[in-house]
Amino acid sequence: MYFSKLFGKTLKEVPAETDTLSHQLLVRAGMIQQVAAGIYAYLPLGWRVLRKIERIIKEEMDKAGGQELMMPSLQPLELWEQSGRLPAFGKTIFTVTDRKEHILALGPTHEEIITDLVHRYVQSYRDLPLLPYQIQNKFRDEPRPRGGLLRVREFIMKDLYSFDADEDGLETSYQKMIQAYKNIYARCGLPSIMVEADSGAIGGKASHEFMLIADTGEDEIIYCSECEYAANTEKAQSIKPKLETKTPLPMEELATPNIKTIEEVANFVGMPRNCTLKAVFYIADNTPVFVVIRGDFEVNETKLRNLLKCTDLHLATELEVKATGLVAGAASAIGLQGIRIVADESIALGSNFVAGANKPDTHLKNVNYPRDFKVDVIADIATAKAGDGCPKCSNKLLSRRGIEVGHVFKLGTFLSEKLGASYLDREGVSRPICMGCYGIGLGRLMAAAVEQNHDAKGIIWPLPIAPYQVHLCSLRSDDPNVAETAEKLYADLTSCGIEVLYDDRNESPGVKFNDADLIGIPLRLTISPRTLQNQSVEMKWRKDRDAKLLTLEGITNRIKELLKRHTD
RNA sequence: CGGGGUGUAGCGCAGUGGCUAGCGCGCAUGGUUUGGGACCAUGAGGUCGGUGGUUCAAAUCCACUCACCCCGACCA
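My numbering numbers the first residue of the first sequence as 525 and each following residue consecutively.
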């Protein structure tokens, strides 16, 4: 490709309204362009990256037994009503109305459609297992699109669905997919880790996410310093530090004027936060819930939502708190009635706590569970944090940030039961098909790759997903000698099957090199009057600082070899 | 949806009631330059997000509205 003919331009300045690094770099490099909030166009350079990712994904899916097909984006809403997942997806489903005033959904995911398809074609255990997949645009009306390609409303997703006779079959398919996913990220040149995850609106039992490690990631990963345990904080469990048990003392009232937050309470009584009990009010599907947790922990809303089996969960607003008659800043479970009380198990890991007295400006000392108050449910609803104990081996947990670039779910049979996808087993008994689903967001993977691989000058693409393999620069392209040699090299490399972006513009060296650094093609070749003096080409890896000279003689084959070595 | 912010040329920005709206980058033409974002000259490019109002006069003041960005609840 001639740079001079490329659709897309590099930008010197950081576009306003881009806050995320990958977004800035992808826009500046002329790879993507925003069309509306969470809606993007891919320009030729960006699209090439995406197609490379796509190819790797397809190869791994096919290798794992996947079969590519294509389903429609327009989906009858009736199928969603049948599956019962409409409430869970709620407003994130885009809908369109046809001329007959019939409402259709723009597919946010395809479990409903594929299950409906499968039920028409699968009647016997002999038809299983099946691993159909597609790569297609998905539509989700996210509450807040953000971070460039990291969270958008229309995105390209690879979605594969597994259909097996039973749990064992599902386990086999699940493991196959996990291996395929590991292969995909490795082949893209992107180090990833797999973590335990919550299954959210998709539903189902077990689920794992694949994370690219990046400081800018919006997910927090909790992992063990010693064993293999790793989980998204949404899901992570931990052994909470237990405090020394003291003899329970009699409860005492304590005047605490204008002392409201846990921080203030702890400072006021001169004790650490873990000697206090924190009260948090939630509204779960329109019902108030009172949550108690030890002061040094945070409520994990995902765990709480799962425990309460509710779809909507939010912190109570000031108005909603007032309506319950609770005293904000001094509330506690002691003597509390008429509201559901949910506690984290941490309230039992300590004694003589300081808690609210349900009276303004008053707290209670020496509160002990279960002596002084009762709860309706006690469970693990705390956010695990670095420093806690590993649930598997009790060693110290650590944390780091990551970007979710893939998610796999064991769905089980709840969807196939709802949608009537069943088969006859060997004994002629009808059974629901056991399902799994497996997704990768291609655009997010591309953005995450940039978050993970860049420097102050621009992007540094891993070779397997770079838009081109070689960036060829000619300096003084008005010099016929330079132009001819560069043209010939471009033609030779291209005819060898090497992908070359040839910067044929007659620009100054600074302009060309800065553009090359910004775009981030892994290997840069430069031809100039200076290199031609000794019949050579300058070669520089994007990730390296220094360049070296190679003689022109037999250059094509040597570059080919070099690229091959770096791809394998 | 709650909180904060921004809309002026392709991009980044300036312009607090006054006459013809400006700067840098980019773009076009010509010339001089050329190993890390060169320079000179000339030039093209604007319904100042939209609607309504106040005023002799509005990019500027007021109201409404739309769009986009950021922080929180959701996800590939």
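Idealized CB from N, CA, C, for every residue including glycine. On a predicted model such as this, the values are computed, not experimentally measured, just so you know.
Per-residue DSSP class, three states only, for residue i
{"i": "Gly-880", "result": "strand"}
{"i": "Ala-710", "result": "helix"}
{"i": "Phe-687", "result": "strand"}
{"i": "Ala-872", "result": "helix"}
{"i": "Gln-1059", "result": "coil"}
{"i": "Glu-1023", "result": "coil"}
{"i": "Phe-792", "result": "helix"}
{"i": "Gly-672", "result": "helix"}
{"i": "Phe-663", "result": "strand"}
{"i": "Asp-1003", "result": "coil"}
{"i": "Phe-527", "result": "helix"}
{"i": "Pro-812", "result": "strand"}
{"i": "Ile-858", "result": "coil"}
{"i": "Ile-983", "result": "strand"}
{"i": "Ile-905", "result": "coil"}
{"i": "Ala-1010", "result": "helix"}
{"i": "Arg-925", "result": "strand"}
{"i": "Arg-818", "result": "strand"}
{"i": "Arg-1054", "result": "helix"}
Pairwise C-alpha distance: residue j and residue i
{"i": "Ser-731", "j": "Leu-1017", "result": "45 angstroms"}
{"i": "Gly-1068", "j": "Ile-1079", "result": "A quick correction: the sequence has Asp, not Gly, at residue 1068. For Asp-1068 and Ile-1079, the distance between alpha carbons rounds to 20 angstroms."}
{"i": "Leu-935", "j": "Glu-635", "result": "10 angstroms"}
{"i": "Arg-797", "j": "Val-789", "result": "8 angstroms"}
{"i": "Met-701", "j": "Asn-782", "result": "56 angstroms"}
{"i": "Ala-565", "j": "Ala-1015", "result": "30 angstroms"}
{"i": "Pro-669", "j": "Asn-1005", "result": "51 angstroms"}
{"i": "Met-795", "j": "Lys-889", "result": "11 angstroms"}
{"i": "Lys-802", "j": "Thr-619", "result": "42 angstroms"}
{"i": "Thr-639", "j": "Tyr-893", "result": "49 angstroms"}
{"i": "Pro-765", "j": "Leu-873", "result": "8 angstroms"}
{"i": "Asp-543", "j": "Val-953", "result": "57 angstroms"}
{"i": "Arg-829", "j": "Ile-983", "result": "40 angstroms"}
{"i": "Gln-606", "j": "Leu-939", "result": "9 angstroms"}
{"i": "Leu-535", "j": "Pro-1046", "result": "20 angstroms"}
{"i": "Trp-1065", "j": "Lys-759", "result": "41 angstroms"}
{"i": "Gly-671", "j": "Leu-549", "result": "12 angstroms"}
{"i": "Leu-628", "j": "Phe-663", "result": "12 angstroms"}
{"i": "Val-570", "j": "Ile-680", "result": "Looking at the sequence itself, residue 570 is Gly, so the reference to Val does not match. For Gly-570 and Ile-680, the distance between alpha carbons rounds to 13 angstroms."}
{"i": "Leu-1074", "j": "His-931", "result": "45 angstroms"}
{"i": "Val-891", "j": "Phe-897", "result": "8 angstroms"}
{"i": "Ala-710", "j": "Asp-586", "result": "17 angstroms"}
{"i": "His-643", "j": "Phe-687", "result": "10 angstroms"}
{"i": "Val-899", "j": "Arg-818", "result": "14 angstroms"}
{"i": "Tyr-1026", "j": "Ser-1001", "result": "11 angstroms"}
Residue interval of the alpha helix (DSSP H) (run including residue i)
{"i": "Gly-1034", "result": "1033-1043"}
{"i": "Leu-831", "result": "825-832"}
{"i": "Lys-1072", "result": "Element bounds for Lys-1072: not the alpha helix (DSSP H) but the beta strand (DSSP E), 1072-1075."}
{"i": "Glu-842", "result": "842-848"}
Counted within 10 angstroms of its Cβ, other Cβ atoms place residue i as buried (16 or more) or exposed
{"i": "Thr-771", "result": "exposed"}
{"i": "Ser-645", "result": "Checking the sequence, you will find Tyr at residue 645 rather than Ser. The residue in question, Tyr-645, is exposed, as its Cβ has fewer than 16 Cβ neighbours within 10 Å."}
{"i": "Ile-708", "result": "buried"}
{"i": "Cys-997", "result": "buried"}
{"i": "Arg-552", "result": "buried"}
{"i": "Glu-744", "result": "buried"}
{"i": "Pro-656", "result": "buried"}
{"i": "Cys-799", "result": "buried"}
{"i": "Glu-625", "result": "exposed"}
{"i": "Glu-584", "result": "buried"}
Element boundaries [beta strand (DSSP E), containing residue i]
{"i": "Ile-1051", "result": "1047-1051"}
{"i": "Gln-647", "result": "Premise fails: Gln-647 is in no beta strand (DSSP E) and is neither H nor E."}
{"i": "Lys-802", "result": "801-808"}
{"i": "Lys-889", "result": "886-891"}
{"i": "Arg-1082", "result": "It is not in any beta strand (DSSP E) - Arg-1082 instead sits in the alpha helix (DSSP H) that spans 1079-1091."}
{"i": "Leu-996", "result": "994-998"}
{"i": "Ala-779", "result": "776-779"}
{"i": "Val-899", "result": "Element bounds for Val-899: n/a, residue is neither H nor E."}
{"i": "Leu-773", "result": "Run containing Leu-773: none; DSSP gives neither H nor E here."}
{"i": "Leu-839", "result": "837-839"}
Notebook entry, point to check: Which runs of the beta strand (DSSP E), 3 residues or longer, sit entirely within the stretch 537-573?
Noted result: Residue ranges of uninterrupted beta strand (DSSP E) with 3 or more members, entirely inside the stretch 537-573 and ordered along the chain, are 556-560 and 563-566.
Item checked: 4 or more residues per run - each alpha helix (DSSP H) lying fully within the stretch 580-658 -> Listed in chain order, the complete alpha helix (DSSP H) runs (minimum 4 residues) inside the stretch 580-658 are 601-607, 610-613 and 635-645.
Margin query: Runs of 3 residues minimum, wholly inside the stretch 927-974: which ones carry the beta strand (DSSP E) assignment?
Written below: 946-948, 954-956 and 958-965, all fully within the stretch 927-974.
Next item on the list: Ignoring anything shorter than 3 residues or poking outside the stretch 697-765, list the beta strand (DSSP E) runs there in chain order.
Entry: Listed in chain order, the beta strand (DSSP E) runs fully inside the stretch 697-765 are 716-720, 731-737, 743-748 and 754-756, counting runs of at least 3 residues.
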